[in-house]
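Report on the following structure.
Protein chains: 6
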Amino acid sequence: MSRQQRTWIKDLKAGTEIEESFVVRTSDVRQGRGGGSYLAATIGDRTGEVTALVWQNVERLREVFEPGNVVAVIGQVQRYNQQLQVVVRKAETVADDQVEHEDFVRSSAVDPELLWKTLNSLIEGVADANLKQLLFRIFSDPEVERLFKVAPAARSMHHAFRSGLLEHTVSVTTVAKNLASHYGADQDLVVAGALLHDLGKIWELELGPSIEYTDDGRLLGHLPMEVLYVEERIGELDKFPAETRRLLLHILLAHHGEFEYGSPRRPKTPEALLVHMVDNLDSKMAGMWEAITADGSDDEAWTPYSRILGRFVYRRRPGGGTED
Amino acid sequence: MSRQQRTWIKDLKAGTEIEESFVVRTSDVRQGRGGGSYLAATIGDRTGEVTALVWQNVERLREVFEPGNVVAVIGQVQRYNQQLQVVVRKAETVADDQVEHEDFVRSSAVDPELLWKTLNSLIEGVADANLKQLLFRIFSDPEVERLFKVAPAARSMHHAFRSGLLEHTVSVTTVAKNLASHYGADQDLVVAGALLHDLGKIWELELGPSIEYTDDGRLLGHLPMEVLYVEERIGELDKFPAETRRLLLHILLAHHGEFEYGSPRRPKTPEALLVHMVDNLDSKMAGMWEAITADGSDDEAWTPYSRILGRFVYRRRPGGGTED
Amino acid sequence: MSRQQRTWIKDLKAGTEIEESFVVRTSDVRQGRGGGSYLAATIGDRTGEVTALVWQNVERLREVFEPGNVVAVIGQVQRYNQQLQVVVRKAETVADDQVEHEDFVRSSAVDPELLWKTLNSLIEGVADANLKQLLFRIFSDPEVERLFKVAPAARSMHHAFRSGLLEHTVSVTTVAKNLASHYGADQDLVVAGALLHDLGKIWELELGPSIEYTDDGRLLGHLPMEVLYVEERIGELDKFPAETRRLLLHILLAHHGEFEYGSPRRPKTPEALLVHMVDNLDSKMAGMWEAITADGSDDEAWTPYSRILGRFVYRRRPGGGTED
Amino acid sequence: MSRQQRTWIKDLKAGTEIEESFVVRTSDVRQGRGGGSYLAATIGDRTGEVTALVWQNVERLREVFEPGNVVAVIGQVQRYNQQLQVVVRKAETVADDQVEHEDFVRSSAVDPELLWKTLNSLIEGVADANLKQLLFRIFSDPEVERLFKVAPAARSMHHAFRSGLLEHTVSVTTVAKNLASHYGADQDLVVAGALLHDLGKIWELELGPSIEYTDDGRLLGHLPMEVLYVEERIGELDKFPAETRRLLLHILLAHHGEFEYGSPRRPKTPEALLVHMVDNLDSKMAGMWEAITADGSDDEAWTPYSRILGRFVYRRRPGGGTED
Amino acid sequence: MSRQQRTWIKDLKAGTEIEESFVVRTSDVRQGRGGGSYLAATIGDRTGEVTALVWQNVERLREVFEPGNVVAVIGQVQRYNQQLQVVVRKAETVADDQVEHEDFVRSSAVDPELLWKTLNSLIEGVADANLKQLLFRIFSDPEVERLFKVAPAARSMHHAFRSGLLEHTVSVTTVAKNLASHYGADQDLVVAGALLHDLGKIWELELGPSIEYTDDGRLLGHLPMEVLYVEERIGELDKFPAETRRLLLHILLAHHGEFEYGSPRRPKTPEALLVHMVDNLDSKMAGMWEAITADGSDDEAWTPYSRILGRFVYRRRPGGGTED
Amino acid sequence: MSRQQRTWIKDLKAGTEIEESFVVRTSDVRQGRGGGSYLAATIGDRTGEVTALVWQNVERLREVFEPGNVVAVIGQVQRYNQQLQVVVRKAETVADDQVEHEDFVRSSAVDPELLWKTLNSLIEGVADANLKQLLFRIFSDPEVERLFKVAPAARSMHHAFRSGLLEHTVSVTTVAKNLASHYGADQDLVVAGALLHDLGKIWELELGPSIEYTDDGRLLGHLPMEVLYVEERIGELDKFPAETRRLLLHILLAHHGEFEYGSPRRPKTPEALLVHMVDNLDSKMAGMWEAITADGSDDEAWTPYSRILGRFVYRRRPGGGTED
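Going down the list, the protein sequences come from chains A, B, C, D, E and F. For the first sequence, this note's numbering gives the first residue as 1, with consecutive numbering after it. For the second sequence, this note's numbering gives the first residue as 1, with consecutive numbering after it. For the third sequence, this note's numbering gives the first residue as 1, with consecutive numbering after it. For the fourth sequence, this note's numbering gives the first residue as 1, with consecutive numbering after it. For the fifth sequence, this note's numbering gives the first residue as 1, with consecutive numbering after it. For the sixth sequence, this note's numbering gives the first residue as 1, with consecutive numbering after it.
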C-alpha cells in the first residue's frame, strides 16, 4: 500500500465507497437502535480525521477499533450534520510490520531531507574546530540522524508533528545565528547551542501513529538526556577545551530560561540568553500560525481558544480585512 | 566651554590641577577633622563619576553642591584608596542656560544623526501607503524629532542613556523586520509597530543632568500616551483603513506582552507577538552587555549582581578563557 | 409580536400548546428511536431556558435551529424527568429585522430610564465646571446614550445582562461619591471617573441574542477605547485644565487596580484608588448576590460553585436559618 | 510634667534652651573630633523627631540613650544642614512609672472618647437582641475598653498610632453599615463583624513608647485571639443562636479575604465579603492619606516611595495644581 | 443484613443473580430502545462501583435511584464491553435506619480499634503532665472517640476514606515523634501537636454514604474549630501553663505551613515546623501510593493523571521493572 | 601554628595582648582624627568575628587587609561600646601555603571522620548489589572522599560550614532510610539517592577562608554535575540495570521537588518524593536551629529576622519559658 495510491482523509467524498487503512484515535460503544449498541470511532491519517460508525458485529469489532491500532476499513462515506462520516461494513487490524507510520501522523510541510541539508551546512559554517568536530560527531551518529529526521518537537504544543523537531531546530539556529551577528554574541557557540538545544527530544518522544512520551522522557526529560549525551561525545574527543565545554553545556542547561519552566540554570552568558529567547520566539510564532491555520475554518475572524497561547487569536490578515 | 575642550572624567589624572564643570549626583556633609564638617559629593559628566571633597566653606558650598546642579570646580585630582578624588578649592553654580546637558549624561555609542537616518530609511521601505504616510507625519513632527533624538529608553534599566530610545527603536525595528520575513508576518505592520512601540517615552522621561519621570509619565505612562498620539495623527489622515488602525493600535497596546508588565492587551496577532518578543529580546541582550561592560573591571570572571537581570553574568568570553 | 403578548419561558405550563419565538442557544442531533436521529436544542428568552425536541424533519430543521437564530415554534409543552420540554411540530427562522433583541436577553431588574435619570442627576451635582461640561458632552452624545442604556457590564461575570453597565455605573458612582465625602477625596473627580470608568464597554461588547466581544473589544479593550474617546472630547473643549485632564485620565487608566488585571497604571491618587476599590466592591457584591439568587433552588444551603468568585456561597440568610 | 506644659518637638526653635523629656528611637556612637567619639541619637515625642548630639560623657550617656528609654534632656536647639538638632549637655533616664506613654507615640487626630461614644451608638443601633447583648458584654469589659481606647491598628502600616484601632474600627463600621443598606446585606451582622474584626489587636500589639508585637501576637495572631475571645463570651450567653454564631465567627475568620493574607477562610456570605472589602478599602485610603501628609514637605508633587502601597503617590490636589 | 453475608462489589461475577443493597452514586435517564428511556446508575459499596441499568418502570425507579440513596436491588450481573453491569429488575429504597454506613464507604486497611490503641499509647508516652492530662481529657471525650474512629481525613485527596483521619494522625504522630528525637525538638509538644493537628476534621466532614463538608466545615474550617475546642478544654484544667498553651496552639495554628494554604500563622518554633512538615510528607506519600494502587490496572507503567499530585506517577517498582 | 595553640576569637579577653593570624572578611578606610584616615576591618576565624582597627601605616596596611587574606596580627584587645575590638600595631600577610584553611571557616560540630564512617556503614547496608557496587565506586574515589569530607552544603543557608555537606547527607540518608521502611518505599534506592543527592556540591562550592561558588557551580550547578558524574560511573560498571539507572537518576533530577527550585523533573516515584521531602525537612530544621543558636544572645525571646526562613523565630524553649 504505497503512499501514492492511498485515499487520504482530506480527499474523501460523500457517496463514495472506500477501502483504506486508518489509525484509530478514539473509540466508543454507545446505545443505539432497538436497544442494541453501535460503535463510534475517530479514525485518521496524517491529513486529518473523520468519524467512523459500526452498526454490526460491534462486539467483535470493538477489539479491532482499539485506539492506536491501524485498521483496514471497507465502507461508505456519507454526509451527516454537515460533516463526513464513514459507515463501516468490514474492518480488520493491520499487522504492525505492514504499517507505514508516516502515513498516519502529521508531517512538517518542508521535506526533512532538505532540512537535514540545511542543518549540515550550518555545521559547515562553524569556524571553531572543536565545536565543529563535536557537531559532526553527534549528527553523523546514524541513530541520531534516523531519529532526528522524524522526531516531533512536542506532543501537543508547537511543531507537534513528524520532523517538527528538525524544522524547529533549523529555524532556531538560522535566526539565532543572524542575531548573534547583530548582537555581537559568539556565532559558533550560538549555532552549536541552537543545534543541540532540543536534541534530547529524539529520546523523549516516541512517534507511533500518535506522539507519546517515553519512560525516559518522563523520568529524565530531554534536557538532561541531551546534556548526558553531549558530555559523553565530548569525552571521546581529544583536548576539547574545558571553557568551551562549560559554555556549551551552560547553553543547554539554561535554554528553558527560567526555573519555573524546568530550567536547572538561568542564562548567564549572551549566547545562552540568545538561544533561550530565540527558542521561545520560534515556538510562540509557530504556535500562533498553527492556531491561525488550524481546522480550515479561516472565514472566522477569531480562532478557537488556543491552549498553547492561552488566548484567542485574530485570524484576519492585514490588507484582507474589512474596512468597517 | 565647548565640548572639544572639556576635561572628561574618564581622562582625569592624579596630581593634576583641574578647572571644569560637572553635574552633582549626590552630596553629603560629614563630621571631619577637629570636629568640623566636610562635604563629600559625587560629581560626573557623561563619561563617568568621581568623588569630590570640600574641606573649606562647607556651610556655603553645601548649597552649591545640591544634587542636580552643574558646578564649575577648581581643585586638584588626587589618588586615594585606589581611586581618584577631586579636592575642591573653589566651586560655583553654572547657570542653567549655560549648561550643555549632553555633556553630563551618558550617550549612545552611535551617532544619533546616523540612527535617525536609518530610522527614516526604515520608513522609506514601508510599502503600505497608509502606514507610510502615518509614519512620515509622526516622525516629521519637529517636536517628535527633537525629543526622539535625545530621549533615553529607560530610567535605570537597559538603554538608560541619551539617545538610548533611538538606538533601541532602530535595533528592534531592524531585527523585527527581518524576522517578519522569516516568519511570514506582515512587514509593514511590524515596522510601523516597532518604530512606534516606545514613542511615548519621549514624554514619559525627562532628560536633565539625570533621567527622571515626568508627571504624565507616572500618571499616564508611555504606552497610553503613544496610543493617544498615534490615534490623533490617524484622525488627521484621509480614509485611514479601520482594520489597519485596529491592527496597529493593537501592537502598541500589547507590546508589553503580559498583563503583569502593564500591558492592557496580550498579543493576538503574529505581528503584535513579534514586536513584543523582539522588544523583550533587544532589551535583555542590551542589559546583559551593559552588565558585562560596566565599570571596566573586566578582569573579573563575573559581573556584580545585575538588578535588571536578577543574576550575576559570566564575563569571560569564548576563546579568551582559561582552559583549566 | 409585541412584548405584552409573549408567552415567556418562565410562564410555560405542562400540557399546553405553544406558538411563540425563542432564541436557540445550543443545538445537537442525536441517535434516536429506530436508528433515526432527533434534534435536542436549548431555546430561551430573557426569562429562562427550556429543552426543545424535534422528532421529524430533523435534517431540514437542523439548519433552522442554528445557535443564535430566533425561531418561531409550534409545539406542545410536556413534563419529563421533573423538567419541562417543548416537543416541536413546526419551526421557522424569524427574520432578523422582526426580532426584538430585548426579548431574548436577561435585563436589569431596574428600569433603564430611571437609571439614566439618576446618572444625569449625578452629573448635575458636579461642581467643577470643566468636568460637568465634559460629562454632559459625552452623555448627551446620542450614540453613547443609545448604547449605554442597553449595554451589559460583562459577558459572563457580574452584571452580564441588558442595561447591566448602566446599573453597575450608577451604583459605583453613588457609592464612590458618598465615600469621597467620608474619606476627603475630591467628589467631582470621583464622580466623573466613576461615570466614565467602564464607558468603553459600550463598544467592547455586542448585545445580540447573546453577549459577545467585538473585534475592537478583543484587540483594543474597553479601557483604552474609553481613554481615546474621552481624550477626543476633551480636545473639543476650550481650555480644559491640563491638571484635571491628567487626574481624570489617570483614574480611567488605573481603575483595574493592578497590572495583572490589565491595568496599565496603578492608582496614585486618592480619587483613583477610591474608584478602583468601589468598582471592585460593587462587582464582587453583585457577583455574590447573583450566585445566591441564581437558578431558584434557594432551599439549598450552598450555591453551586461560582466561577466568578472561585468558591461556593452560603445561601442561608441571617434570621431565617435553622438553629441546630 | 503635665501635657499642657510640655515643649513638643513640633514647637522647637533654633537658638533656644530646652529642658524636656523625650523617647529615644535610635542611638549610635560615632568617631568624632580629636579621635574621641560622640553619640548621635534620634529622640522624639508624639509630634515628631529630632537628632540629638552628645559630645561629653559619651561612655556613660550611651546607656542612658538606649532605644526605648525616655530621657530628660538639658541642652540647646541648633540649626544645622537645614534641620534642627539638640546638643545635649545633661541627660537622665526617666523612671518608667513617671512616663506618660501617650506623650511619646503619635495619636489619632480624633478624640478617643468621642470615637468610643460613636462606637457605643453603633452598638445601640443593632436590632438583633443576641448580637446587641454580645457586643455590650464585650465592649463593657473594662480591660477591652481600656486597651481598645489606646491600641494602634498596626505596627507600621496604616493607623499605626495611639487609638488608631478605634479610629479604624469606627470608620469601617460606619462605612460598612451604610453599604450593607445599599447592597441588601444584613446590617446587624455587618456592624457586629466590623466592630469585632480587629478586636484581637488589643492583645497583638503593645503600645509602649513604640509599637511592638507581643509574643501572643506573633505566635497566635489577632484573628485567632479575637475568635477565641468572642467564642468564650458567646458561651456565657443564654441560647445564643448557632446560626448567628456561625455567621459572625465566619466574618471574623474571613476578614483578611484571601488565604495569602493569613485568612483561614474566604468570605462566603455577603456580610463577610462586605466587612473584608471595607476593611481593605479603609486601610488603603488611610495609607494613601498618611503618605500624602507625611513629613510636611507638601510642596513636592510626589511622596517618597510608600512601602505600604508599593508605589509613589501624587500629592498635588485637584484645583490646586499648576495648569501647564 | 450483616457485613459477613453481603455480596461485595469486588466479588460480583458475570452470569449470576444478585440480591443486595448498594449506595447510588450517580443516576441518569437516557433515550433508549423504541424511543423509550432507560436509567443508567452507578451503584457501589466500600469495595468498588458498578453500572446498573434499569429498562422498566424507569419513571418510578428514577426516584428510587436518587444519588445518596441506599437501594436494595434484584437483578442479574452481565459482562458488557469488558466490564460488569447489573441489569436491575426490582429496586427499593432502604430506610436510613437500616443502613450500615460503613458498608458503603471505603475504609482504612488497618483496624480502627488497633489504631486507637496506638494513639492511646502515644498519649501514654507523653512525659509532660499538663499535656498528658489535656490529651486524655480530649481523647476520652466520648463524642471525640466516636467521631475520630470513623472520620476521613479529606473529601477527595489523601486518606479520603473511613478512619482515614485516625490512620493519618497515628502515622504523622509516630513519624514526628521519632524525628523530634533526631532533630532535638520537644517530643511531648510534637506528639500533642501531631495528635491534635487535624482534630477539627471530625466536625468538618460528614461521613454518610459519601463524604461531604458540614456547614461549620465550610464556614469555620477544621483548624479554627480544633483551636476553639482545645482552648475550651485547657480552660477546664487547673493551672495549665500559659507558655505551654501558647506553644501548643501555635502548632495547630501553623500546621498548614504557609499563608496560601489557609494557615493563619507560619511555623516559628522547631516543633511547629516539624509537625507541619511531617503532616505534609505523610499526605503526599499517601497520595502517591493511592495513585499507584488505584483502579487495579497495575500493569500500566504510568498511573492516570493524579489531580492531587498534579502529575502522572511511575508505577513500575524497583526490581520488578524490565531491563530494556 | 597548630590548632591547639591558637587563640580563638571566642576566647579573646579585653585588656590582653594578642599575636595571632585571622582571615580578613571586610575592610574599610575611614576619615579619622586630625583629618587622617584609619582602617576598620572585620577579622575572624572559625569560631567568630571581631572588629580590628588600624591607626598607623594605613596606606600600607590597606593592602595587607584585603578581604580573603589571612593576616598575622599583633595588637591589643579592648572593650568598646559593649563589644571587643582589636587595635592593631603590626600586621603581615600569611603566605597561602602556611594557612590552615580549617582554622578560618566554621565547621560541623560533629567529627567528619565519624560522619564518614556512618556514611560507609549506610552503603554497607544496601542490599541491591548493583547500587552497592556503584556507591562504593563513587565514595572510594579519593577525590570524592577528600572533597566530601570538607565541603559545605551551602554558601549562606543551612549547613554553610566545613563538612556541612557530609553532616546534611548523613542526616538525610538516615532519616530517609527509616521513613522508606515506614512508608513502604524501596530502601536501597532511597539510600543511594539520598547519599548522592547533593554530591555535585563538592564541585559547586569552593572552601577557602570563605565559601564561594566555582565557575562550574554557577554555570552548570550541582544537580547536573552529579548526574553527569554518576552516569559516567554507571557506564564503567558491567550490566548496570537500565531500570535501576533510570530510577536513580530520576531521584537526583527531581530532588529539588518543584520546577521553581531549579528541579528539571518533579518526583514521580515514592522514592524520589521521599528523598526530596526529607532533604527539604532536614534543611529547614537545620536552618531553624541555626537561627535559634546564632549569635549567642539567647536571652532574647525572638531571633533576628532569618533570611533563610523569611521570618522571626521564637527562641524560648518549652519548659524553660516564663509562665505569664
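Think of the CB as a built atom: it goes at the ideal place given N, C-alpha and C, for glycine as much as any other residue.
- At least 8 Å separates the CB of E/Arg155 from every CB of chain C.
- The segment 37-113 of chain E contains, as complete alpha helix (DSSP H) runs of 4+ residues, the segments 58-64 (chain order).
- Legend: CB atoms of the segment 242-261 of chain E lying less than 9 Å from CB atoms of chain F belong to residues Ala242, Glu243, Thr244, Arg246, Leu247 and His250.
- Judged by pairs of C-beta atoms under 8 Å, the segment 94-112 of chain A touches the segment 42-56 of chain A, as three or more such pairs exist.
- Counted as a single uninterrupted DSSP element, the stretch harbouring F/Tyr314 is not any beta strand (DSSP E), since DSSP gives it neither H nor E.
- Counting C-beta atoms within 10 angstroms of its own C-beta, A/Arg265 has 16 or more neighbours from the protein chains shown and is therefore classed as buried.
- Rounded to the nearest angstrom, the Cβ distance from C/Ser27 to C/Pro67 is 6 Å, consistent with a contact under 8 Å.
- Residue pairing by DSSP puts D/Tyr213 in a beta bridge opposite D/Leu205.
- Using beta-carbon distances, A/Pro304 does not count as an interface residue toward chain B, since no partner is under 8 Å.
- Contact of F/Arg218 with chain B by beta-carbon distance below 8 Å involves Trp302, Phe312 and Tyr314.
- Beta-bridge partners assigned by DSSP to A/Glu17: A/Gln76.
- When the beta-carbon positions are compared, B/Phe148 and B/Ile202 come within less than 8 Å of each other.
- Using a 10 angstroms sphere on the CB of A/Tyr314, the tally of other CB atoms reaches 16 or more, which defines it as buried.
- According to the DSSP assignment, A/Phe139 belongs to the alpha helix (DSSP H) that extends over Ala129 to Phe139.
- At least one beta carbon of chain B lies nearer than 8 Å to the beta carbon of A/Asp186.
- C/Thr269 belongs to the set of residues whose beta carbon lies under 8 Å from a beta carbon in chain D.
- Shown here, F/Val126 sits in coil according to DSSP, grouped into three states, outside any helix or strand.
- For a Cβ distance threshold of 7 Å, residue set Ala301 of chain C lies close to E/Asp215, ordered along the chain.
- By the C-beta density criterion, D/Ser283 is buried, having at least 16 other C-beta atoms within 10 angstroms.
- Residue pairing by DSSP puts A/Ser306 in a beta bridge opposite A/Arg311.
- In terms of CA proximity to B/Glu236, B/Asn130 leads the group B/Gln78, B/Asn130 and B/Leu253.
- At a cut-off of 8 Å, the C-beta of E/His159 has no neighbouring C-beta in chain F.
- At a cut-off of 4 residues, the continuous stretches assigned as alpha helix (DSSP H) that sit fully inside the segment 235-281 of chain B are 242-253.
- For A/Thr118, the closest C-alpha among the options A/Ser210, A/Arg6 and A/Leu195 is that of A/Leu195.
- DSSP lists E/Ser107 as the bridge partner or partners of E/Arg162.
- In this model, F/Ala286 and F/His158 are separated by some 6 Å (Cα to Cα).
- Legend: CB atoms of the segment 170-197 of chain A lying less than 9 Å from CB atoms of chain B belong to residues Ser171, Thr174, Val175, Asn178, Leu179, His182, Tyr183, Gly184, Ala185, Asp186, Asp188 and Leu189.
- CA-CA distance, E/Leu219 to C/Trp302, rounds to 11 Å.
- Among the residues facing chain C, B/Gly221 is included, as its CB has a counterpart in that chain under 8 Å away.
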